[in-house]
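Before any comments, here is the structure.
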Amino acid sequence: MLDGSEGYAVQKSMEILVALGEIFGAEKLIKISSVQVAGVSYHNLGDAGLEYLENLAKLGARSQVITTLNPAGMDLENWRELGIDEDFAIKQHKIISTFEKMGIRSSCTCTPYLVGNEPKKGDHIAWSESSAVTYANSIIGAMTNREGGPSALAASLTGRTPYYGMHLDHDRTAQAKVLVRAKLDSVPDFGALGFATGKKLGNKVPFFVGIKQPMLEQLKSLCASIATYGGTAIFHIENVTPNHTTIPTETITVENEDLMNAYEQMNDESTRVDFIALGCPHCTLDEIKKIAELLKGKRVTREFWICTARQTMRLAEEHGCAHVIRASGAKFACDTCMAVAPLKGRFKVLATDSAKACYYGRGTNSFQTRMGTLMQCVNAAVTGEWK
Amino acid sequence: MEIIRGHKISSGTAEGSVLISHDPLSFFGGVNPETGIVIEKGHEIEGVSIKDKVLVFPHGKGSTVGSYALYRMKKDGVSPKAIVNVECDPIVAVGAIISNIPAIHRLEQNPLDFLRNGMKVRVDADHATLEVLD
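Protein sequences, first through last, are from chains A and B.
Going by this note's numbering, the first residue of the first sequence is number 6, and it counts up by one from there.
Going by this note's numbering, the first residue of the second sequence is number 238, and it counts up by one from there.
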């Protein structure tokens with residue numbers, strides 16, 4: 006493949022993988038079974054990225070394994086209602102159709118594991134999107150490094166990835182025990198736990214003790230938060246996660262006050278909210294049902310986005326809860342999210358239930374942020390006030 | 238003429254004059270993609286153009302979109318001719334490869350020590366060498 010006998014696109018992709026392998030000391034490339042590609046939003050890719058992708062597609066690049074995409078910069082169908090301008094939409098559609106030409110599925114979500122890209126324990130895969138990477142490694146037990154957009158694409162076009170890091174048992178072993186003494190109830194509590202742990206441990210691999218029967222939504226929130234604020238690509242939870250590990254001696258504790266501190270860090274001063282966004286990572290059907298219950302019979306007065314995969318939204322339509330949400334004035338933002346859509350300057354104060362969304366809301370969009378429960382977010386959407 | 242050995246990142250050969258930055262560089266946000274001029278506030282080579290230089294810096298930093306930004310600069314003719322890193326990172330490596338910019342790293346001697354701005358050098362990435370021409 007490296008000699009160009011399978012075409013220029015494959016050759017370039019192999020060059021990328023071999024160079025990365027050399028940088029990280031990989032002894033070889035290995036075959037993979039699944040890819041998640043980040044770098045999909047036109048907001049992040051720009052014309053340069055679009056040109057690169059178009060060139061690859063023109064040269065005959067084809068994905069070799071199941072490959073899904075990260076969120077795009079807009080809802081691919083309902084972009085006008087979300088206030089996206091037409092020039093942006095044209096470019097974004099070009100990006101998506103270019104990926105499709107390469108045989109990549111155009112389901113744009115940060116939760117590929119909810120929409121059919123579901124690796125098994127022990128599978129070697131090449132995923133980008135740090136929350137999905139952490140979910141795949143920790144909760145599913147698949148094996149992937151934190152890929153960037155181009156290296157994940159190269160993996161898709163060759164079916165291979167360099168063998169180092171998270172593909173080796175050694176690097177997945179727990180390095181510090183995290184004794185969770187804090188009371189964990191809601192999804193944002195798990196985001197706060199990820200923040201507190203990430204700040205204390207950096208990219209060390211945690212072994213959590215004291216987290217009992219967490220729900221998928223809570224784990225998804227923890228994955229997103231710990232990857233954002235710490236940098237680890239894997240964690241272990243006693244009696245919950247599937248990977249084997251030795252139990253480290255170094256021990257830290259997370260107390261109620263650590264969680265309270267995390268909430269303080271996520272919450273800016275302003276109580277006048279003008280943008281509410283849920284679904285970072287993308288909402289599950291169950292989350293959408295809960296939001297619908299809270300919204301029933303109410304009318305929102307602020308821009309309210311429910312970010313989710315298009316497939317999940319369709320399920321919500323079948324279950325009848327999508328109708329309740331739309332009737333309230335809240336909007337589905339499928340294929341996209343508050344972190345990758347071009348939102349800078351449109352809003353001042355974001356309310357969300359996600360610690361990760363706070364990071365990107367502040368960093369990329371210069372929003373003030375408010376983090377709390379689904380009920381607090383829905384109330385803010387109705388009244389415009391954070392309580 | 239002195240020849241220093243290193244490791245290949247991205248294949249190809251190029252000659253040019255050296256531009257040194259001791260600060261890490263971000264091609265996305267740190268460099269104007271239309272002019273090749275470094276725009277990061279307070280950066281060691283802020284205001285300097287990287288166009289057609291043999292750009293010598295420790296390693297990249299910042300967003301993975303930096304790889305695409307380098308690609309765009311190459312297309313617009315404002316990219317460096319070659320890249321010499323102390324220890325290359327994935328963003329610069331991928332950017333150099335997709336842009337066909339020769340790049341090497343891990344030289345026998347630290348290039349930030351023995352190279353000076355304006356020196357004429359040849360980077361032969363295929364043989365993983367850097368040759369000082371004057």
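All C-beta atoms in this analysis are idealised placements derived from N, C-alpha and C, irrespective of residue type, glycine included.
Query                                                                                                                                                                              : Result
Measuring alpha carbon to alpha carbon, tell me which of Lys294(A), Arg315(A) and Val278(A) ends up nearest Cys382(A).                                                             : Val278(A)
Report all residues from its chain with a CB closer than 6 Å to the CB of Gly355(B); omit the five preceding and five following residues, and keep chain order.                    : Ser254
What's the C-alpha gap between Val358(B) and Thr366(B)?                                                                                                                            : 10 Å
Return the residues of the region 290 to 303 of chain B that lie within a Cβ-Cβ distance of less than 8 Å from chain A, sorted by chain order.                                     : Ser300, Thr301 and Val302
Once the 5 residues before and after Leu34(A) are set aside, which same chain residues still bring their CB inside 7 Å of it?                                                      : Leu22, Gly26, Arg165, Thr166, Pro167 and Tyr168
Report yes or no: do three or more beta-carbon pairs, one from the region 226 to 233 of chain A and one from the region 355 to 363 of chain A, lie closer than 8 Å?                : yes
Helix, strand or coil for Ile330(A) per DSSP?                                                                                                                                      : helix
Find out if the Cβ-Cβ distance for the pair Glu222(A), Thr289(A) is shorter than 8 Å.                                                                                              : yes
Which parts of the region 320 to 353 of chain B are runs of the alpha helix (DSSP H), unbroken and 4 residues or longer, counting only runs that do not cross its ends?            : 327 to 336 and 348 to 351
Considering only their Cβ atoms, is the gap separating Val331(B) from Ser300(B) smaller than 8 Å?                                                                                  : no
Which residue marks the beginning of the beta strand (DSSP E) containing Phe280(A), and which one marks its end?                                                                   : Phe280 to Leu283
Under 8 Å between C-beta atoms, does Lys96(A) make it to chain B?                                                                                                                  : no
Give the range of the alpha helix (DSSP H) segment to which Met310(B) is assigned.                                                                                                 : Gly303 to Lys312
Please state the DSSP three-state secondary structure of Thr237(A).                                                                                                                : coil
For the beta strand (DSSP E) containing Gly253(B), name the first residue and the last one.                                                                                        : Thr250 to Ile257
Can you find the residues in the same chain that come closer than 7 Å, C-beta to C-beta, to Ala321(A), ignoring five residues on each side of it along the sequence?               : Leu290, Ile293 and Ala327
Residues of chain B with CB closer than 7 Å to the CB of Tyr57(A), please, in chain order.                                                                                         : Tyr305, Tyr308 and Ile335
Using a beta-carbon distance cut-off of less than 8 Å, what residues from the region 259 to 283 of chain B approach chain A?                                                       : Pro270
Using the beta-carbon count (16 or more within 10 Å), is Leu370(B) buried or exposed?                                                                                              : exposed
Run down chain A in chain order and give the residues with a C-beta less than 8 Å from the C-beta of Ala330(B).                                                                    : Ile21, Ala24, Leu25 and Ile28
Alpha carbon to alpha carbon, how far is Ala147(A) from Ala238(A)?                                                                                                                 : 12 Å
Please determine if the region 125 to 133 of chain A and the region 38 to 55 of chain A are in contact, where contact requires at least 3 C-beta pairs separated by less than 8 Å. : yes
Along chain B, in chain order, which residues have C-beta atoms closer than 9 Å to that of Leu221(A)?                                                                              : Per Cβ cutoff of 9 Å: no residues; Leu221(A) is ~28 Å from chain B at best.
Could you tell me if Ala370(A) is buried or exposed, where buried requires 16 or more neighbouring beta carbons within 10 angstroms of its beta carbon?                            : Per the sequence presented here, residue 370(A) reads as Asn, with Ala not at that position. Label assigned to Asn370(A): buried.
Could you round the C-beta distance between His5(A) and Val345(A) to whole angstroms and report it? I think they count as a contact, below 8 Å.                                    : Residue 5(A) falls outside the range modelled here, since chain A spans only 6 to 392, and no answer is possible.
Note down, in chain order, each residue of its chain lying with its Cβ closer than 6 Å to the Cβ of Pro295(B), except the 5 sequence neighbours on either side.                    : Pro261 and Val323
Using a cut-off of 7 Å between C-beta atoms, extract the partners of Lys312(B) located in chain A.                                                                                 : Glu56
For the candidate residues Gly302(A), Gly108(A), Asp80(A) and Val192(A), whose alpha-carbon lies nearest to that of Ile95(A)?                                                      : Asp80(A)
State the DSSP-derived secondary structure class of Cys339(A), mapped to helix, strand or coil.                                                                                    : strand
Our contact map puts Ile276(B) next to Gly267(B) with C-beta atoms below 8 Å; I'd like the distance itself, whole angstroms only.                                                  : 7 Å
Does any C-beta atom of chain A lie closer than 8 Å to the C-beta of Ile338(B)?                                                                                                    : no
How would you list, in chain order, the residues of chain B whose beta-carbon sits under 8 Å from the beta-carbon of Asp52(A)?                                                     : Arg309
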